[in-house]
């Protein structure tokens, strides 16, 4: 009876989901969407001189794919061929895992240094997780060619023109690689999703949850309705629906709390001892991303942090090796951070050593148990 009940519940959920997706068919069309309410305007600093770079040579093995991709983008009205342009950015073709090609422009050599920043902050990872507390299952949505769904105004199209072996193209949609692109896309999606419950986005990834199956479905419906009305398209091939746990921003989110992504932990455990300051920065950067999971990290890794001081010469001593191994051991231990709950009491525990200070935030649950939900450390 138990197995039969689970199968029936799963079938009902899938049926409801299928009906919901059928209701918003337009949202899942396999073509690039177009945001309806605004065209993106990027501005350059006063007095700047336009930069035009000649197209870079394309390896013969990629040339046909690059030309086919240019034709596809022109056909879809994402780029448009022109006779001349003051600005011109060379292309850098990137091969995707499936063998297809993505055309990126090297804007750092041309317009990026002159573009005026859009001062819209990206959300902190911790703020994203707090917004999802109370969820039982999780869905992850992905945009189809996300940034290309934002149209550019005419002047901006000329600023971002491509210099290619097939000629010059103005760019009619927001491309990846321009300095303000991330902030602009984040601000647009936040505006579209403002006021929704159990929903959070970080750039082109949207997480939806709910305290029950019905609430989860209702939240999904609201997101679908808003995105379709705004003219967006989602990538059906990259969806994850009603998962008990979901990978997001290098973490695994579940109803009980937040864990580290095992694949990223393995990469850290396989790291070799640093042989330069640059490699020390790479290792400490990886470790710091998961600092909230490792008690007393600033003390453990202190001797390695000392190597980053300007007045300290790089010498990998015995204490550095010991700190390196102890940090990896701490990283290997399993740990779960419970979700922050504003209705529960908070306990603050502080500690200090010669290498740093730290604080742990914990919840006291009704059964008397105390579990950690946050941590901060300074070296």
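In UniProt numbering, the protein residues as written are 1 to 379.
Where a beta carbon is used, it is the ideal one built from N, C-alpha and C, also for glycine.
Supposed contact pair residue j and residue i - C-beta distance, whole angstroms, cut 8 Å
i: residue 49; j: residue 115; result: With a Cβ gap of about 14 Å, residue 49 and residue 115 do not count as contacting.
i: residue 52; j: residue 234; result: In fact, because the Cβ distance is near 37 Å, the residues do not count as touching under 8 Å.
i: residue 264; j: residue 250; result: 6 Å
i: residue 122; j: residue 148; result: Residue 122 to residue 148, Cβ: 20 Å. No contact.
i: residue 209; j: residue 257; result: Not confirmed; about 13 Å, so no contact.
i: residue 195; j: residue 219; result: Their Cβ separation, rounded to whole angstroms, is 12 Å, which puts residue 195 and residue 219 out of contact at 8 Å.
i: residue 213; j: residue 13; result: 6 Å
i: residue 295; j: residue 137; result: Incorrect: roughly 30 Å between the Cβ atoms, too far for contact.
CB of residue i within 9 Å of CB of residue j, strictly
i: residue 278; j: residue 301; result: no
i: residue 16; j: residue 217; result: yes
i: residue 36; j: residue 229; result: yes
i: residue 340; j: residue 133; result: yes
i: residue 111; j: residue 152; result: no
i: residue 231; j: residue 33; result: yes
i: residue 246; j: residue 184; result: no
i: residue 207; j: residue 128; result: yes
i: residue 56; j: residue 92; result: yes
i: residue 292; j: residue 227; result: no
i: residue 224; j: residue 76; result: no
i: residue 95; j: residue 62; result: yes
i: residue 215; j: residue 334; result: no
i: residue 281; j: residue 308; result: yes
Cβ-heavy atom distance, residue i to the ligand GTP, below 8 Å
i: residue 347; result: Inclusion of the ligand GTP in the displayed structure is not the case, the ligand content being empty and no account of it being possible.
Same chain, Cβ closer than 7 Å to residue i, neighbours up to 5 away in sequence not counted
i: residue 324; result: 273, 304
i: residue 186; result: 120, 122, 203
i: residue 157; result: 170, 171, 172
i: residue 166; result: 67, 70
i: residue 392; result: This structure gives no information on residue 392, because the portion of the chain shown stretches from 1 to 379.
i: residue 276; result: 314
i: residue 269; result: 328, 331, 332
i: residue 241; result: 17, 139
i: residue 26; result: 228
i: residue 321; result: 273
i: residue 102; result: 94, 96
i: residue 21; result: 28
Residue i, enclosing beta strand (DSSP E) - first and last residue
i: residue 105; result: 101–105
i: residue 93; result: 89–95
i: residue 251; result: 251–254
i: residue 314; result: No beta strand (DSSP E) holds residue 314; DSSP gives it neither H nor E.
i: residue 260; result: 258–260
i: residue 80; result: 79–82
i: residue 116; result: Premise fails: residue 116 is in no beta strand (DSSP E) and is neither H nor E.
i: residue 65; result: Taken as a continuous stretch (DSSP letters only), residue 65 belongs to no beta strand (DSSP E), being part of the alpha helix (DSSP H) at 60–75.
i: residue 164; result: 162–164
Same chain only: Cβ atoms within 8 Å of residue i, ignoring 5 sequence neighbours per side
i: residue 168; result: 81, 82, 83, 84, 85, 88, 161, 162
i: residue 312; result: 306
i: residue 239; result: 139, 140, 141, 142
i: residue 40; result: 150, 151, 152, 153, 156, 174, 184
i: residue 271; result: 283, 286, 328
i: residue 43; result: 115, 116
Contacting residues, own chain, Cβ-Cβ under 6 Å from residue i (five flanking each side not counted)
i: residue 131; result: 200
i: residue 107; result: 89, 177, 178
i: residue 192; result: 226, 230
i: residue 104; result: 92, 94, 177
Boundaries (first-last residue) of the alpha helix (DSSP H) holding residue i
i: residue 141; result: Residue 141 -> not in any alpha helix (DSSP H); beta strand (DSSP E) instead, spanning 137–142.
i: residue 126; result: 125–131
i: residue 306; result: From DSSP, residue 306 is part of no alpha helix (DSSP H); its letter is neither H nor E.
i: residue 229; result: 213–230
i: residue 381; result: This structure cannot settle anything about residue 381, because the visible part of the chain is limited to 1 through 379.
Original post:
Between the segment 137–154 and the segment 54–70, are three or more C-beta pairs nearer than 8 Å?
Top reply: no
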